[in-house]
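Presented below is the structure to which this report refers.
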Amino acid sequence: MIGYLLSDAKFWTAVAFVIFILVTYRPVKKILLKALDEKITSIKNKINDAKKIREDAYSLLGEIKVKKDNIKKEIDEIKKVSENKMKMNLEEMQKKLENQLNRKKNLVEIKIKQIEQEAINEINYKTTFYTIQTLKKIINIKINDIIHQELIDSALSDFNKN
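At position 56 of the sequence shown (counting the first as 1) the number is 59 in the working numbering, and the numbers step up by one without a gap.
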């Protein structure tokens, strides 16, 4: 039976195949392991990059929240200052008007109406001026908030794509 096996081509083909497998096993194994290690390293690097991006995004979000709070405080302060200035201007204008009216009681009625109209125009002008200034500041702040939000949305969408 051994003689038959030694003379059989199928046996030698099987032996050659086994030897081929044994000879190529280690190099192929090394190549596969190296490729797998490189892929693992690549994936780990991508994960670390993603973590870093996430941390940066959270850090940026925290900074933006702090800035937003600071901007809200500034807006409140600007509103208070504007209201106080408007009150002071209104009080000042009322005092001036009263003094002028008391000093000029003897003037004709047309002169009194003219002075009242000037005072009203000045109050309207200052009210409009301070309102416009406050609105400009608020609009600038809102635009900055929108830009910051767009940056956050862009960063988050880039993060989600990766």
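Where is the CB? At the ideal position from N, CA and C, for every residue including glycine.
Contact annotation: Thr130 and Met91 have beta-carbon atoms that are not nearer than 9 Å.
Separation of Ile115 and Leu100 (C-alpha to C-alpha, rounded to the nearest whole angstrom) is 10 Å.
Annotation: the continuous alpha helix (DSSP H) that includes Asp156 extends over Glu112 to Lys164. Shown here, Asp11 sits in coil according to DSSP, grouped into three states, outside any helix or strand. Note on geometry: alpha-carbon atoms of Glu41 and Val31 lie some 15 Å from one another.
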